[in-house]
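Peer 1: Submitted below is the structure of interest, expressed as structure tokens.
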Amino acid sequence: MYSINQLKVFINQKRQNIHAYLRKVKMRLSIDPEEVNHLKPTIYFKKKWYGNSYGGFFVIPDLLNEDSVVYSFGIGKDISFDRKLMSKHNCRVYGFDPTPKSIEYIQSLPKDRLFSFYDYGISTKTGIEKFFLPKNERAVSASISLNQFVNEEKYIKVKMKSFADITKDLGHKIIDVVKMDIEGAEYEVLETLLDTKVAINQLLIEFHDRFYPGEIKSRRITELLNKQGFEIFGASLNYEEISFINTKIKTTLQD
19 MYSINQLKVF INQKRQNIHA YLRKVKMRLS IDPEEVNHLK PTIYFKKKWY GNSYGGFFVI
79 PDLLNEDSVV YSFGIGKDIS FDRKLMSKHN CRVYGFDPTP KSIEYIQSLP KDRLFSFYDY
139 GISTKTGIEK FFLPKNERAV SASISLNQFV NEEKYIKVKM KSFADITKDL GHKIIDVVKM
199 DIEGAEYEVL ETLLDTKVAI NQLLIEFHDR FYPGEIKSRR ITELLNKQGF EIFGASLNYE
259 EISFINTKIK TTLQD
């Protein structure tokens with residue numbers, strides 16, 4: 019039996035999923051093709067969408083198994099992506115999010131032996147940082163990056179860690195999947211991630227170009243990723259959720 023609170027969460031997630039899908043369709047219809055050319059797939063693998071419309075990404079399932087390690091940065095109030103990975107591959111997922119509403123959400127869920135949650139976020143450095151709260155008080159996601167959707171005057175201070183320190187603390191030198199949905203801070207964080215010695219097989223990024231009108235910030239970081247051997251194998255309907263494969267990792271799965 020589900021509790022009343024669990025049913026409310028389920029209903030809200032379904033509503034959120036429908037809203038997210040309709041938003042993606044609307045955005046797709048208004049996209050200038052020239053502005054997303056750099057986000058279109060350049061390499062082809064058998065892929066599947068994991069998670070719902072709101073929190074999902076394309077992955078290459080055949081590269082995953084029970085020994086796979088997944089880092090999921092930015093949980094919000096939706097772990098449909100993480101649950102799919104755990105149920106399908108029986109692999110371990112490490113989730114990270116310092117957002118108060120996210121922490122509360124995770125604490126309300128039943129414990130899962132495959133899911134480890136850490137109440138800090140990823141940044142370019144380790145330390146305490148300002149975490150700007152959304153202007154819409156009903157929204158969940160906050161950000162260390164100032165943008166048009168957060169309130170510069172309303173913030174909390176939270177613990178953040180660099181990718182290098184996180185992987186050192188957890189003892190990982192190879193990560194099968196890194197998922198990153200960090201509300202506009204991904205551009206700077208990805209540059210520091212590329213400077214580490216940690217091998218990443220699949221890199222899944224939600225780009226928030228819409229947060230910064232007049233800029234296409236994903237263009238530069240995509241070029242940097244390409245130079246490091248990361249190629250796009252999957253893109254969501256509105257070209258926000260982008261999936262990269264590390265072509266330096268040898269695989270026989272390419273079509």
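Using this note's numbering, the first residue of the sequence shown is number 19, and each one after it goes up by one.
C-beta atoms are modelled at their ideal positions from N, C-alpha and C, and glycine is treated no differently.
By Cβ distance, which residues of its chain are closer than 7 Å to TYR205, with the 5 residues on each side in sequence left out?
Peer 2: If you number the sequence shown from 1, residue 205 lands on position 187. LYS235, ILE239, listed in sequence order.
Peer 1: I need the straight-line Cα distance from ALA160 to ILE260, nearest angstrom please.
Peer 2: Taking the sequence shown and counting its residues from 1, one reaches residue 160 at position 142. Taking the sequence shown and counting its residues from 1, one reaches residue 260 at position 242. Cα-Cα distance, rounded: 21 Å.
Peer 1: Could you give the DSSP three-state label for ARG237: helix, strand or coil?
Peer 2: Counting from 1 along the sequence shown, the entry for residue 237 is found at position 219. Helix.
Peer 1: Using the beta-carbon count (16 or more within 10 Å), is LEU211 buried or exposed?
Peer 2: Residue numbering aside, residue 211 sits at position 193 when the sequence shown is read from its first letter. With 16 or more other Cβ atoms within 10 Å, it is buried.
Peer 1: GLU171: which of VAL87, ILE162, ILE193 sits nearest, CA to CA?
Peer 2: Along the sequence shown, read from residue 1 onward, the residue named residue 171 stands at position 153. Answer by Cα proximity: ILE162.
Peer 1: I need the straight-line Cα distance from ASP100 to VAL196, nearest angstrom please.
Peer 2: Within the sequence shown, residue 100 is the residue found at index 82, counting from 1. Within the sequence shown, residue 196 is the residue found at index 178, counting from 1. Computed Cα separation, rounded: 11 Å.
Peer 1: Suppose the cutoff is 6 Å on Cβ atoms and the five residues either side in sequence are ignored; what does the same chain contact list for TYR112 look like?
Peer 2: Within the sequence shown, residue 112 is the residue found at index 94, counting from 1. So the list reads TYR89, SER134, once near-sequence residues are dropped.
Peer 1: Compare the Cα-Cα distances from GLU147 to each of ALA253, ALA203, ARG110 and report the closest residue.
Peer 2: For this step, residue 147 is matched to residue 129 along the sequence shown. Measuring from the Cα of GLU147, the nearest candidate turns out to be ALA203.
Peer 1: Which two residues bound the contiguous alpha helix (DSSP H) that contains GLU204?
Peer 2: Looking up residue 204 in the sequence shown gives position 186. Its alpha helix (DSSP H) spans residues 204 to 212.
Peer 1: Can you check whether the CB of ALA253 is closer than 8 Å to the CB of THR214?
Peer 2: Within the sequence shown, numbered from 1, the residue matching residue 214 stands at position 196. Within the sequence shown, numbered from 1, the residue matching residue 253 stands at position 235. No, they are not a contact pair.
Peer 1: Check the DSSP bridge columns for LYS148 and list the partner residues they point to.
Peer 2: Locating residue 148 in the sequence shown gives position 130, where the first residue counts as 1. DSSP, once it has assigned bridges, lists LYS175 as partnering LYS148.
Peer 1: Going by DSSP, what residue range makes up the beta strand (DSSP E) through TYR68?
Peer 2: Mapped onto the sequence shown, residue 68 falls at position 50. It spans 66 to 68 - the beta strand (DSSP E) in which TYR68 sits, taken as one unbroken run.
Peer 1: For ASN264, write down the residues that DSSP places opposite it in a beta bridge.
Peer 2: Start at 1 with the first residue of the sequence shown, and residue 264 comes out as number 246. BP columns for ASN264 point to PHE248.
Peer 1: Starting from the C-beta of VAL8, find all residues in its chain whose C-beta is less than 7 Å away, skip the five residues before and the five after it, and write them out in chain order.
Peer 2: Because residue 8 is not part of the residues shown, which for the chain are 19 to 273, the question remains open.
Peer 1: For LEU208, which residues from the same chain have a beta carbon less than 8 Å from its beta carbon, with the 5 sequence-adjacent residues on both sides left out?
Peer 2: Sequence index remark: in the sequence shown, residue 208 carries index 190 (1-based). So the qualifying residues of the chain are MET198, ILE223, ILE239, LEU242, LEU243.
Peer 1: In terms of residue numbering, what span does the beta strand (DSSP E) encompassing SER120 cover?
Peer 2: Position 102 of the sequence shown, counted from the first residue, corresponds to residue 120. First-last for SER120: 118 to 125, but that is the alpha helix (DSSP H), not the beta strand (DSSP E).
Peer 1: Which residues in the same chain have their Cβ closer than 8 Å to the Cβ of TYR138, if we skip the five residues on either side of it in sequence?
Peer 2: Counting from one through the sequence shown, the residue named residue 138 turns up at place 120. For TYR138, where only same-chain residues beyond five positions count, the Cβ hits under 8 Å are PHE114, PRO116, VAL176, LYS177, MET178, LYS179.
Peer 1: Let's test the definition: count the other Cβ atoms within 10 Å of the Cβ of GLY73 and tell me whether it reaches 16, buried, or not, exposed.
Peer 2: The count along the sequence shown starts at 1 and reaches residue 73 at position 55. The residue is buried, with at least 16 neighbouring Cβ atoms inside 10 Å.
Peer 1: If you draw a straight line from the alpha carbon of TYR39 to that of LEU188, how long is it in whole angstroms?
Peer 2: Within the sequence shown, numbered from 1, the residue matching residue 39 stands at position 21. Within the sequence shown, numbered from 1, the residue matching residue 188 stands at position 170. At TYR39 the pLDDT is 43, less than 50, meaning the model places this residue with poor confidence; the figure from the coordinates comes in the next sentence. The alpha-carbon atoms of TYR39 and LEU188 are separated by roughly 35 Å.
Peer 1: Buried or exposed: where does THR60 fall if 16 or more other Cβ atoms within 10 Å of its Cβ makes it buried?
Peer 2: To locate residue 60, count along the sequence shown from 1; it is residue 42. Per the 10 Å Cβ criterion, exposed.
Peer 1: If I measure Cβ to Cβ from LYS95 and keep anything under 7 Å in the same chain, skipping five residues before and after, which residues do I get?
Peer 2: Taking the sequence shown and counting its residues from 1, one reaches residue 95 at position 77. Excluding positions up to five away in sequence, the list reads LYS119, SER120, TYR123, VAL158.
Peer 1: Is it the case that the Cβ atoms of ARG237 and HIS56 are separated by a distance below 8 Å?
Peer 2: Locating residue 237 in the sequence shown gives position 219, where the first residue counts as 1. Locating residue 56 in the sequence shown gives position 38, where the first residue counts as 1. Yes, the pair counts as a contact, with Cβ atoms nearer than the cut-off.
Peer 1: If you run the structure through DSSP and keep just helix, strand and coil, what is GLU52?
Peer 2: Numbered from 1 along the sequence shown, position 34 holds the residue referred to as residue 52. Helix, per DSSP.
Peer 1: Could you tell me the alpha carbon to alpha carbon distance between LYS186 and TYR257, rounded to whole angstroms?
Peer 2: In the sequence shown, residue 186 corresponds to position 168, counting from 1. In the sequence shown, residue 257 corresponds to position 239, counting from 1. So the alpha carbons of these two residues sit roughly 32 Å apart.
Peer 1: Just to confirm my understanding: we take PHE262, look at its own chain, exclude 5 residues before and 5 after, and list those with CB closer than 8 Å. What are they?
Peer 2: The residue you call residue 262 lines up with position 244 of the sequence shown. These residues qualify, in order along the chain: GLN220, LEU221, LEU222, ILE223, LEU243, PHE248, GLU249, ILE250, PHE251.
Peer 1: Select from ASP130, LEU255, ILE218, LEU127 the residue whose C-alpha is nearest the C-alpha of PHE225.
Peer 2: Counting from one through the sequence shown, the residue named residue 225 turns up at place 207. PHE225 has its Cα closest to that of LEU255, out of ASP130, LEU255, ILE218, LEU127.
Peer 1: Considering only residues of the same chain and omitting the five flanking positions on each side of GLU84, which have a CB-CB separation below 7 Å?
Peer 2: Looking up residue 84 in the sequence shown gives position 66. Result list for GLU84: HIS107, ASN108, CYS109, in chain order.
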